[in-house]
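Residue numbers 0 to 225, in numbering that gives the first Met the number 0, belong to the letters of the sequence shown in order.
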Amino acid sequence: MTDAAPAAAGAPGRLGILMLDTRFPRPAGDVGNPASWPMPVRYRVVAGASPRRVVQQADRTLLAPFVEAGRALAAEGARALATSCGFLVRWQRELQDALSVPVWTSSLLALPALLRPGVLTVDATSLGAAELAAAGAAADTPVEGLAADSHLRRVLLENLPALDFARAEADTVAAAQRLVARAPAVAAIVFECTNLPPYAAAVRRATGRPVHHLTTLVTERWRTLQ
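Structure representation (structure tokens):
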């Protein structure tokens, strides 16, 4: 567990963030970097929740540890909970049913309210109809992933300790350009992956589309709690 930006007297409480068990760097913009948030945050790592187990294996044995971690954060004063992986939308209903505070597992929850959205994800082969349905999104929502051999995808899924920011940005922009080339009607891009927001400005410049991600979703919904 880590605590960041302790709340001042009279502050509206903290956002709790359920974290995967990772070691890769988290530049500003990443949900795992406290500087990315406009509110105080508290983190709790779910031991053993590796990127591959969550993203590619959808390992349901991890649900109970995520519930336990969420309850601990709520007991410590978290007024709402978010996560560090958009694929946890698979358990949005289960987590919300088990926890006493609002739970926002994924930026994919923003899809139903957006006009002609497309999704950018770390792994398109793992994001299908079931994940979109869990978010309340249309099954035919265009989805594009990071290239299988890209630097950023390897860093994230293999949980590597070093990240080349320029290469990661280029990987993200290239994926976004593939998305809009394949689906030119896309009017807004949603980053499933919570590690992509550091590259949002570059994607906006390259595609001319607005970019939505977990930080923007949570910041908007957080205001409703005030």
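Every residue, glycine too, gets a C-beta built ideally from N, C-alpha and C. Since we're looking at a predicted model, the values are computed, not measured.
Where does ALA174 fall in DSSP's three states? helix
To the nearest angstrom, report how far apart ALA48 and ALA73 are at their CA atoms. 20 Å
Whole-Å CB distance - GLU143 paired with ARG89, under 8 Å assumed: No, GLU143 and ARG89 are not in contact; Cβ-Cβ is about 20 Å, not under 8 Å.
Beta-carbon within less than 8 Å of HIS212's beta-carbon, same chain only, minus the 5 sequence neighbours each way: which residues are those? SER106, VAL189, PHE190, THR193, LEU195, PRO196, ALA199
Tell me the residue span of the alpha helix (DSSP H) that contains PHE65. 62–74
Could you name the residues of the same chain whose beta carbon sits closer than 7 Å to that of PRO37, not counting the 5 residues immediately before and after it, in chain order? THR218
Rank LEU159, ASN158, LEU162, ARG152 by C-alpha distance to the C-alpha of ALA173 and give the top, closest one. ARG152
Give me the residue from ASN32, ARG166, PHE65 with the minimum Cα distance to PRO53. According to the sequence as given, residue 53 is Val; it is not Pro. The shortest C-alpha separation from VAL53 is found at PHE65.
Sequence-distant residues of its chain with Cβ nearer than 7 Å to VAL202 (five each side left out): THR171, VAL172, ALA175, ILE188, VAL210
Buried or exposed: where does GLY168 fall if 16 or more other Cβ atoms within 10 Å of its Cβ makes it buried? According to the sequence displayed, residue 168 carries Glu and not Gly. Label assigned to GLU168: buried.
Return helix, strand or coil for ASP96, following the three-state DSSP convention. helix
Exposed or buried, what is GLN56 when buried is set at 16 or more other beta-carbons lying within 10 Å of its beta-carbon? exposed
Check whether the Cβ atoms of PRO101 and LEU110 lie closer than 7 Å to each other. no
Please return the same chain residues whose Cβ sits closer than 7 Å to the Cβ of ALA27, not counting the five positions on each side in sequence. ALA34, SER35, PRO197
Taking the alpha carbon of LEU216 as the point to measure from, which residue in ALA112, PRO39, PHE86 has its own alpha carbon closest? ALA112
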